[in-house]
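Engineer: Residue numbers (numbering that gives the first Met the number 0), protein chains in the order written: chain F, 0 to 176; chain A, 0 to 176.
There are 2 protein chains.
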Amino acid sequence: MSRAPENPEIDGSESPHEESVLRSIRRITRAIDLYSRKLVSSCDLTGPQLACLRELARLGELPTTRLAAAVSLSPATVTGILDRLEQAGLLERQRPESDKRCVMVTLSAAGRDALRHAPPLLQDGFTQRFRALSAASQSQLDRALQEIVAMMEAEELDASPLLIPAEEPARSASGSS
Amino acid sequence: MSRAPENPEIDGSESPHEESVLRSIRRITRAIDLYSRKLVSSCDLTGPQLACLRELARLGELPTTRLAAAVSLSPATVTGILDRLEQAGLLERQRPESDKRCVMVTLSAAGRDALRHAPPLLQDGFTQRFRALSAASQSQLDRALQEIVAMMEAEELDASPLLIPAEEPARSASGSS
DNA sequence: GGTAGATATTTTGTGCTCAAAATATTAGTA
DNA sequence: TACTAATATTTTGAGCACAAAATATCTACC
Chain F
0 MSRAPENPEI DGSESPHEES VLRSIRRITR AIDLYSRKLV SSCDLTGPQL ACLRELARLG
60 ELPTTRLAAA VSLSPATVTG ILDRLEQAGL LERQRPESDK RCVMVTLSAA GRDALRHAPP
120 LLQDGFTQRF RALSAASQSQ LDRALQEIVA MMEAEELDAS PLLIPAEEPA RSASGSS
Chain A
0 MSRAPENPEI DGSESPHEES VLRSIRRITR AIDLYSRKLV SSCDLTGPQL ACLRELARLG
60 ELPTTRLAAA VSLSPATVTG ILDRLEQAGL LERQRPESDK RCVMVTLSAA GRDALRHAPP
120 LLQDGFTQRF RALSAASQSQ LDRALQEIVA MMEAEELDAS PLLIPAEEPA RSASGSS
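(1) Taking C-beta pairs closer than 8 Å, name the residues in chain F that A:Q48 reaches, listed in chain order.
(2) Just reading off the alpha helix (DSSP H) that A:Q93 is part of, what are its end residues?
(3) Quick test of the definition: if touching needs 3 or more C-beta pairs under 8 Å, does the segment 86-93 of chain F touch the segment 98-118 of chain A?
(4) Here's the rule I'm using: 16 or more other beta-carbon atoms within 10 Å means buried, otherwise exposed. How should A:V39 be labelled?
(5) Leaving out the 5 sequence neighbours to the left and right, which residues in its chain are closer than 8 Å to F:E103 when beta-carbon positions are compared?
(6) Is the CB-CB distance between F:R130 and A:S14 below 8 Å?
(7) For A:T76, which three-state DSSP category applies?
(8) Please identify the residue among F:I24, F:A56, F:L81, F:L21 whose C-alpha is closest to the C-alpha of F:A117.
(9) Determine the direct distance from the alpha carbon of A:H16 to that of A:N6, and round the result to whole angstroms.
(10) What residues from the segment 106-129 of chain A come within 8 Å of chain F, judged by C-beta to C-beta, listed N to C?
(11) Are the segment 134-147 of chain F and the segment 42-49 of chain F touching by the rule of at least three beta carbon pairs closer than 8 Å?
(12) With a cut-off of 8 Å, does the C-beta of F:L21 fall near any C-beta of chain A?
(13) Below 9 Å on C-beta distance, what does A:T28 contact in chain F?
(14) On the CB-based measure, 16 or more other CB atoms within 10 Å of its CB, does A:S73 come out buried or exposed?
(15) Identify whether F:P15 lies in helix, strand or coil by the three-state DSSP scheme.
(16) If you draw a straight line from the C-alpha of A:V77 to the C-alpha of A:A149, how long is it?
(17) Can you give, in chain order, each stretch of the alpha helix (DSSP H) that sits fully within the segment 123-157 of chain F and has at least 4 residues?
(18) 8 Å is my cut-off, CB to CB: does A:I147 come that close to chain F?
(19) Look at the alpha carbon of A:R100 and the alpha carbon of A:L66, and state the distance between them as a whole number of angstroms.
(20) Thinking C-beta only, is A:I80 closer than 8 Å to F:I24?
(21) Contact check, F:V20 vs A:L144 under 8 Å by CB: the rounded distance?
(22) Where does A:V20 sit, in a helix, a strand or coil, going by DSSP?
(23) Just mark F:R128 as buried or exposed, buried being the case when its beta carbon has 16 or more other beta carbons within 10 Å.
(24) Classify A:L106 as helix, strand or coil using the three-state DSSP reduction.
(25) For A:R29 versus F:S71, is the C-beta spacing smaller than 8 Å?
(26) Output, in chain order, the set of chain F residues within a Cβ distance shorter than 8 Å of A:L230.
(27) Output yes or no for whether 8 Å exceeds the beta carbon distance between A:E54 and A:A69.
(28) Using only CA atoms, which one of A:S133, A:G124, A:L106, A:I147 lies nearest to F:M151?
(29) For the alpha helix (DSSP H) holding A:A67, just list the boundary residues, first then last.
(30) Note down, in chain order, every chain F residue with its Cβ under 8 Å from the Cβ of A:A68.
(31) Do you know offhand how far A:D82's Cα is from F:L58's?
(32) Can a CB atom of chain A be found closer than 8 Å to the CB of F:Q93?
(33) Of all Cβ atoms in chain A, is any one closer than 8 Å to the Cβ of F:A75?
(34) Using a C-beta cutoff of 8 Å, does A:E192 count as contacting chain F?
(35) Should A:I147 and F:I147 be called a contact, given that it needs their Cβ atoms to be closer than 8 Å?
(36) Which word fits F:D141, buried or exposed, when buried means at least 16 other C-beta atoms lie within 10 angstroms of its C-beta?
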């Protein structure tokens with residue numbers, strides 16, 4: 000009756016690493032979210048809120064859209080975050096006369112102060128452990144993540160039939176660890 | 000080699016890699032979210048929904064809590080996802096006689112079918128590129144991520160020795176001293 | 001039997017997240 | 001001036017995500 004064996008491996012043929020990579024990413028995402036909630040109890044700021052404040056401090060006054068890009072979030076999302084931060088008095092929004100479509104965001108004194116007392120954006124445990132790594136190891140992890148980002152953000156590689164294994168991106172500086 | 004932990008300027012002193020790592024993670028998270036939304040238009044399932052279905056298929060009937068663990072989400076979150084999947088007729092929930100606290104979740108025929116026609120959980124572009132890597136490269140990325148997960152999930156490493164700067168004038172927001 | 005504590009799930013409340021639509025403003029053009 | 005298109009932000013609607021509280025059930029010990 001089952002007309003075809005429907006070999007479940009046909010499209011499920013994922014390399015074990017593929018599953019594993021996804022699983023790791025989910026766990027990282029979750030760990031960050033959990034830490035964000037702990038942050039709230041220690042300094043009344045969530046992770047995304049703190050990230051916005053930090054970029055604001057780093058880049059100075061800037062329009063919503065550019066802030067959104069800086070923290071890798073959509074403008075719509077940032078609007079909500081800014082609402083809450085403004086409500087808390089940590090920043091100010093104003094439309095410049097020159098172009099009233101824009102909204103320039105500025106850190107307030109209170110915002111700068113909150114930032115000074117805020118813990119790091121990543122778990123303290125992670126921060127400690129990461130800093131304990133050799134510069135080479137840090138760099139290696141950093142590069143690995145960037146590689147994943149690049150593969151992730153690269154869209155669809157067209158209709159290109161991908162069969163070209165071509166060559167390894169050959170990482171030259173493999174040794175120093 | 001081991002850089003002595005000089006008193007690191009207390010708060011500003013993040014290694015450049017630290018910033019970069021966080022930025023990469025944010026971008027990865029975002030890329031996954033964006034793909035999840037594209038998924039909806041192609042198969043009416045979001046990423047988390049698809050992830051739940053897949054685990055369900057992989058592990059068979061199982062209680063909510065175990066499913067939550069399998070997808071690295073909290074039970075509360077999974078409840079909402081299950082609501083929608085059940086509504087769509089892709090799975091069934093029932094409380095076994097033996098223990099009516101539990102809720103056993105089972106894939107329905109429609110669920111199994113939807114799964115067969117669903118695209119991969121990661122961007123197609125990523126999947127293609129990742130598969131094009133050598134086994135060694137895949138493994139390397141996989142390991143790097145797992146290392147980060149481990150550092151991320153390791154809590155606080157307490158007062159553990161190892162690299163304590165001895166004094167660390169902890170002004171960390173531990174309330175008013 | 002009855003009551004306390006443990007276990008499993010759902011509900012509640014808040015925030016993050018996005019696309020798409022709505023709004024407001026500016027610039028270009030007839 | 002009026003009309004159109006482009007730009008910048010906010011609103012809307014839906015889903016994800018969690019902790020904490022609420023609910024229901026089971027187990028253990030009296």
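Idealized CB from N, CA, C, for every residue including glycine.
Structural biologist: On the basis of the coordinates in this document:
(1) Counting from one through the second sequence, the residue named residue 48 of chain A turns up at place 49. Within chain F, no residue comes near A:Q48; the closest Cβ sits about 14 Å away, beyond 8 Å.
(2) In the second sequence, residue 93 of chain A corresponds to position 94, counting from 1. For A:Q93, no alpha helix (DSSP H) segment is defined; the enclosing uninterrupted segment is the beta strand (DSSP E) at 90-93.
(3) No: fewer than three Cβ pairs fall under 8 Å.
(4) Against the second sequence, residue 39 of chain A aligns to sequence position 40. Result: exposed.
(5) Here residue 103 of chain F is taken as the residue at index 104 of the first sequence, counted from 1. Checking the sequence, you will find Met at residue 103 of chain F rather than Glu. Closer than 8 Å at the Cβ level, and outside the excluded window around F:M103, lie E60, L61, P62, R92, Q93, R94, P95.
(6) Your numbering for residue 130 of chain F matches position 131 in the first sequence. Your numbering for residue 14 of chain A matches position 15 in the second sequence. Closer than 8 Å, so yes.
(7) Position 77 of the second sequence holds residue 76 of chain A. Three-state result, A:T76: helix.
(8) Here residue 117 of chain F is taken as the residue at index 118 of the first sequence, counted from 1. For the residues F:I24, F:A56, F:L81, F:L21, the minimum Cα distance to F:A117 belongs to F:A56.
(9) Stepping through the second sequence from its first residue, residue 6 of chain A is reached at position 7. Stepping through the second sequence from its first residue, residue 16 of chain A is reached at position 17. Because the pLDDT of A:N6 is 35, which lies under 50, any placement of that residue in the model is unreliable, and the number read from its coordinates should be weighed accordingly. Taking the straight line joining both Cα atoms gives about 19 Å.
(10) R115, P119, L120, L121, Q122, D123, G124, F125, T126, Q127, R128, F129
(11) no
(12) Along the first sequence, read from residue 1 onward, the residue named residue 21 of chain F stands at position 22. So yes, F:L21 belongs to the interface.
(13) Indexing the second sequence from 1 puts residue 28 of chain A at position 29. Within chain F, the residues near A:T28 are I24, I27, T28, I31, S71.
(14) Start at 1 with the first residue of the second sequence, and residue 73 of chain A comes out as number 74. The residue in question, A:S73, is exposed, as its Cβ has fewer than 16 Cβ neighbours within 10 Å.
(15) One-based indexing of the first sequence puts residue 15 of chain F at position 16. DSSP places F:P15 in helix when its eight states are reduced to three.
(16) Here the question's residue 77 of chain A lines up with position 78 in the second sequence. Here the question's residue 149 of chain A lines up with position 150 in the second sequence. Straight-line Cα distance between these residues: approximately 24 Å.
(17) 123-131, 134-152
(18) In the second sequence, the residue the question calls residue 147 of chain A occupies position 148. A:I147 counts as touching chain F.
(19) By 1-based counting over the second sequence, the position of residue 100 of chain A is 101. By 1-based counting over the second sequence, the position of residue 66 of chain A is 67. Cα to Cα, the separation comes out at about 15 Å.
(20) On the first sequence, residue 24 of chain F is found 25 positions in, with the first residue counted as 1. On the second sequence, residue 80 of chain A is found 81 positions in, with the first residue counted as 1. Taking 8 Å as the Cβ cut-off, F:I24 and A:I80 do not qualify as a contacting pair.
(21) The sequence position of residue 20 of chain F within the first sequence is 21, counting from 1. The sequence position of residue 144 of chain A within the second sequence is 145, counting from 1. Yes, F:V20 and A:L144 are in contact; Cβ-Cβ is about 6 Å, under 8 Å.
(22) Here residue 20 of chain A corresponds to residue number 21 of the second sequence, with the count starting at 1. Of the three classes helix, strand and coil, the one that applies to A:V20 here is helix, per DSSP.
(23) The count along the first sequence starts at 1 and reaches residue 128 of chain F at position 129. By the neighbour-count rule (16 or more Cβ atoms within 10 Å), F:R128 is buried.
(24) Taking the second sequence and counting its residues from 1, one reaches residue 106 of chain A at position 107. DSSP places A:L106 in strand when its eight states are reduced to three.
(25) Here residue 29 of chain A refers to the residue found at position 30 when the second sequence is read from its first residue. Here residue 71 of chain F refers to the residue found at position 72 when the first sequence is read from its first residue. For A:R29 and F:S71, yes; Cβs fall inside 8 Å.
(26) The structure shown does not extend to residue 230 of chain A, since chain A is modelled only from 0 to 176, so the question has no answer here.
(27) For the purposes of this step, residue 54 of chain A is identified with residue 55 of the second sequence, where counting begins at 1. For the purposes of this step, residue 69 of chain A is identified with residue 70 of the second sequence, where counting begins at 1. Contact flag set, yes.
(28) Reading the first sequence from its first residue, position 152 is the one you call residue 151 of chain F. Of the listed residues, the one whose Cα sits closest to F:M151 is A:G124.
(29) Start at 1 with the first residue of the second sequence, and residue 67 of chain A comes out as number 68. That run of the alpha helix (DSSP H) goes 63-69.
(30) Stepping through the second sequence from its first residue, residue 68 of chain A is reached at position 69. Those do not exist, as A:A68 stays about 11 Å from chain F at its closest Cβ, beyond 8 Å.
(31) Counted from its first residue, the second sequence places residue 82 of chain A at position 83. Counted from its first residue, the first sequence places residue 58 of chain F at position 59. So the alpha carbons of these two residues sit roughly 43 Å apart.
(32) For the purposes of this step, residue 93 of chain F is taken as the residue at position 94 of the first sequence. Not one chain A Cβ lies under 8 Å of F:Q93.
(33) Here residue 75 of chain F refers to the residue found at position 76 when the first sequence is read from its first residue. No, because no Cβ of chain A sits closer than 8 Å to the Cβ of F:A75.
(34) Residue coverage of chain A in this structure runs from 0 to 176, which leaves residue 192 of chain A outside it and unanswerable.
(35) By 1-based counting over the second sequence, the position of residue 147 of chain A is 148. By 1-based counting over the first sequence, the position of residue 147 of chain F is 148. No, these two residues do not count as a Cβ contact at 8 Å.
(36) Counted from its first residue, the first sequence places residue 141 of chain F at position 142. F:D141 is buried by the Cβ-count criterion.
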